[in-house]
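Please read the structure below before turning to the comments.
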Amino acid sequence: MEQNTLPVLWSLHIGVIIVNIIHNTSDYHPKVLRFLNVAFDGTGDCLIAGDHQGNIYVFDLHGNRFNLVQRTAQACTALAFNLRRKSEFLVALADYSIKCFDTVTKELVSWMRGHESSVFSISVHASGKYAITTSSDTAQLWDLDTFQRKRKLNIRQSVGIQKVFFLPLSNTILSCFKDNSIFAWECDTLFCKYQLPAPPESSSILYKVFAVTRDGRILAAGGKSNHLHLWCLEARQLFRIIQMPTKVRAIRHLEFLPDSFDAGSNQVLGVLSQDGIMRFINMQTCKLLFEIGSLDEGISSSAISPHGRYIASIMENGSLNIYSVQALTQEINKPPPPLVKVIEDLPKNKLSSSDLKMKVTSGRVQQPAKSRESKMQTRILKQDLTGDFESKKNELPDGLNKKRLQILLKGYGEYPTKYRMFIWRSLLQLPENHTAFSTLIDKGTHVAFLNLQKKYPIKSRKLLRVLQRTLSALAHWSVIFSDTPYLPLLAFPFVKLFQNNQLICFEVIATLIINWCQHWFEYFPNPPINILSMIENVLAFHDKELLQHFIDHDITSQLYAWPLLETVFSEVLTREEWLKLFDNIFSNHPSFLLMTVVAYNICSRTPLLSCNLKDDFEFFFHHRNNLDINVVIRQVYHLMETTPTDIHPDSMLNVFVALTKGQYPVFNQYPKFIVDYQTQERERIRNDELDYLRERQTVEDMQAKVDQQRVEDEAWYQKQELLRKAEETRREMLLQEEEKMIQQRQRLAAVKRELKVKEMHLQDAARRRFLKLQQDQQEMELRRLDDEIGRKVYMRDREIAATARDLEMRQLELESQKRLYEKNLTENQEALAKEMRADADAYRRKVDLEEHMFHKLIEAGETQSQKTQKWKEAEGKEFRLRSAKKASALSDASRKWFLKQEINAAVEHAENPCHKEEPRFQNEQDSSCLPRTSQLNDSSEMDPSTQISLNRRAVEWDTTGQNLIKKVRNLRQRLTARARHRCQTPHLLAA
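Count along the sequence shown starting at 1, add 41, and that's the number in our numbering.
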């Protein structure tokens, strides 16, 4: 890893690039590993950068070192380093996942998945609790405490996402889509707060990049155009359109430059265009302030630190450049004379003014070209600065040179943070007298600072102890410091700065008092009237109007100058501003501090002239104000150069004198008699106070004894009274207890009665419950019997239905048998008829034969009688034949009637099986024989052969009918027995 260290660059190069970082491999054929993304942490002093091989580096700009914290083995697509836990960072990788790592332990904290495309943006909430990751198809909200996804923004495939991010210092999410629609959402509920209207058609562009000011009021948007839209998010309208130079055809990145004095309403906007140059413009004046990058060394992406000190840019060649914003602004605002003065000390090599000119065309600031000659001159400058022609008075310990440090200070405005303490120790030439300082410390805490915490309550106990020891050492060093009321105010910023090195802290304060606090104690215990007069004379010369304003409102130098001096500006400046100021104070003549007071008033003349009340002036000089310290320092240098000699403080103040080695010098620059008198008076007062305290202690002891005796007497009387009252009380208590006992017994008896009644009620309830239970059981048994009966009835009905179906089948069988019998009967009748016809024919032939024979025998006389006889015989035969037919029909009808009666009886029995069977067919034999009897009766008149044939047929029919009757009787008996059994079953169940 090739890295240019910060001290070397500061000592060699007065430019805007602090460091250029190039990552080369150590192979036989080395190649450059391109950086892809960079992000600053919350402090702005550290940044992380990732290359295309997945290596993540942390760069400490304050400590001037770097560290490889992770190897992800795949390219990173986005970074975020401003989480709640300062050592953690988020990295989006090429596999669409997001991982959280710790820079200290170098371990994986969490692994978040859910995206289906590359994540190109990570936005972290101001609290560090939530993060939004954005890809082209979705945006997801994550809880960084649990690393769980809370919400997911899904969109239609036709509308892509440009960017989704949190507004600074608010709870609002801004979502920007590819169709130029911009929505604002509430973070907790994701309720849509508002939507920005569409931009005007005259300047309509497709937004690609966005930036928001630190206060979240202004949104800047740009795209493939040289137009830049500025939206007011409070009014929700487009309020300005800025046209960039014609060279700008597309805007690739936007970012506001933070400023410590604009309260978040950033006025400077950085615009990175397609040519790789990032131009910084003022939104109010639309003026181009400065630019970084060039056509040869283009910028692909940039990030600005939160405090606005550094700009980290990834170049198109894969390297990483870190720019100093302060140097960029100083290159614009710095006047030429100081630069000329720096070069004047180099007689052998002077730079031409053409090399330092800044061309401005159409409001555009152009940087001077970096030629080979200028680089060579810079190296020669380093060699000349270490030459032998410097005067010995500029030589400092540890090989430093005061003149070189002043040149460096004028170039950068402050010393490097890492080396500031080292430079201060060299400038102040601290002797580091360990033995002498230990002697002062061993004397312990000075009596004047025993109760320091009551007057100056400091939260840090360590800081309080260091302040107490330092002030005690100063008081032991010189008596006057035990009575100096403003000494804690003067020493506190140095104690806070050097709290880990009390020796250096003591010597810095002592050096400050000896040199920059000259003549402060001549009017002790009053403020230094002589020093304040010097300040007032200088102010009168440079700004009479302001001084007259102070005089008109009865504002003396003890109000507008002394508060700044006694606190050494610690109340009105921030830490960084104070350090920058004392970089210049310690590098110049002691009069520089007094000139700083005048410059502070002159630079604040506008708000001071508007003040009319004394309280307003007091508040102004005891609180921080919106004032640029760089302007104040430039004004101090101007006053140092332009103030006349007769009123210049350097003519009345001695030059710098360092502390002596071994022992600290005696400090007696104060009215000793006053201090001694005050000391004597304080000692006398202390002794008087001790005597008074002793006498008061004696009186208090005696009074305590008297009070104790009185208390004991009172206690004895009170005890006796209490005993008496206690006895009465106990008697009353006994009576009350007896009364309570009686009442309790009565209540107990009442309770017993109630319990007895309750017991009886409970027994009665139990009995009723038992009876109810028995009743329920009986009802349940009855329901069970009913169910059983119902089931039996159901089974009976099914069996009856089955029997009915069997009877129907039997009836069908009987019908079929009936039809069969009828068929047989018909056949028998036909056979009988045939036989009868045959018999009749035979008989007729026989009769004919007999008639013929008779005719032959009786031919004559008996013709008439024969005919008559024959007619009678024919009638008799016809009658017998008719009788035989009648008997046959009667027998057939009798069988039909019998079959019909049997079938009807069986059907009735199936329908009503429980009715008693009535005797039927009791005369069946008789009824069946009736036709037969008549037939027999009639058969006496028949021919014997006919009668025999008929009798035979009748016997066959009777046998067949009797067999049928037996079968029907058997069937009826079985049905009757089954029906009786079913009828008896319910009675048995009921029993």
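Every residue gets a Cβ at the ideal spot worked out from N, C-alpha and C, and that includes glycine.
Asked, Found
"Taking only the alpha-carbon atoms, compute the straight-line gap between W603 and Y235 and give it to the nearest angstrom.", "53 Å"
"Are V639 and H583 touching if we call contact CB-CB under 8 Å?", "yes"
"State buried or exposed for M153, treating a residue as buried only when at least 16 other CB atoms are found within 10 Å of its CB.", "buried"
"Pick helix, strand or coil for S611, following the three-state DSSP scheme.", "coil"
"Please list the segments of the beta strand (DSSP E) lying wholly inside the stretch 818 to 861, counting only runs of 3 or more residues, in order along the chain.", "none"
"Does DSSP put R1015 in a helix, in a strand, or in coil?", "helix"
"Apart from the five residues just before and just after R1015, which ones in its own chain have a Cβ nearer than 8 Å to its Cβ?", "none"
"Quick check on the DSSP output: what are the complete alpha helix (DSSP H) runs of length 4 or more inside the stretch 445 to 521, in order along the chain?", "461 to 469, 475 to 483, 493 to 496, 502 to 518"
"Would you identify the three-state DSSP class for Y867, choosing helix, strand or coil?", "Note on residue identity: the sequence assigns Thr, not Tyr, to residue 867. Three-state result, T867: helix."
"Tell me which residue opens and which closes the beta strand (DSSP E) that H268 is part of.", "268 to 273"
"What would DSSP say about V57, mapped onto helix, strand or coil?", "coil"
"Take Q589 and list the residues in its own chain whose beta-carbon comes closer than 7 Å to its own, dropping the five residues that flank it on each side.", "none"
"Could you pull the DSSP bridge partners for I89 from this structure?", "A80, V99"
"Among I482, R445, L481, which has the Cα closest to the Cα of I464?", "R445"
"Report the residue from R616, E659, R725 whose alpha carbon sits nearest the alpha carbon of L605.", "E659"
"Run through DSSP, which three-state label would E129 get?", "strand"
"Given a threshold of 16 other Cβ atoms within 10 Å of its Cβ, counted over all protein chains shown, does Y601 qualify as buried or as exposed?", "buried"
"So S314 and I345 are supposed to be a Cβ contact under 8 Å. How far apart are they, rounded?", "The Cβ separation is near 17 Å, so there is no contact."
"Have a look at the DSSP bridge pairing and note the partners of V73.", "N65"
"Where DSSP assigns a beta bridge to E296, which residues make up the other side?", "G311"
"Nearest-angstrom Cα distance between Y460 and S168?", "33 Å"
"Have a look at E919 and M894 and give me their C-alpha separation to the nearest angstrom.", "22 Å"
"Assuming S343 contacts G317 under a Cβ cut-off of 8 Å, what Cβ separation, rounded to an integer in Å, is found between them?", "At roughly 11 Å, the Cβ-Cβ gap does not stay under 8 Å, so S343 and G317 are not in contact."
"DSSP three-state label for G917, please.", "helix"
"Would a C-beta distance cut-off of 8 Å place Y351 and I333 closer than the cut-off?", "no"
"Reducing DSSP to helix, strand and coil, say where K328 ends up.", "strand"
"Does the pairing of the stretch 564 to 580 with the stretch 484 to 502 give three or more beta-carbon distances under 8 Å?", "no"
"My guess is that R675 and L587 are in contact by the Cβ rule of under 8 Å, so how many angstroms apart are they, rounded?", "That pair is no contact at about 18 Å."
"Please report how far the alpha carbon of A1018 lies from the alpha carbon of A845, in whole angstroms.", "15 Å"
"Sort out for me which residues DSSP pairs V160 with in a bridge.", "S176"
"Given K411, which residues of its chain have a CB within under 8 Å of its CB, disregarding the five upstream and five downstream residues?", "Residue placement at K411 cannot be trusted, given a pLDDT of 39 that sits under 50; the coordinates are not used to answer."
"Let's see if you can read the secondary structure: which residues bound the alpha helix (DSSP H) around F533?", "528 to 538"
"Considering T118, what are the terminal residues of the beta strand (DSSP E) in which it resides?", "117 to 121"
"Scan the stretch 562 to 647 and note each continuous alpha helix (DSSP H) run of 4 residues or more that stays entirely inside, going in chain order.", "570 to 583, 585 to 593, 598 to 601, 603 to 607, 616 to 627, 632 to 644"
"On the DSSP letters alone, give me the boundaries of the alpha helix (DSSP H) that F661 sits inside.", "655 to 661"
"With a 10 Å radius around its C-beta and 16 neighbouring C-beta atoms as the bar for buried, classify W557 as buried or exposed.", "buried"
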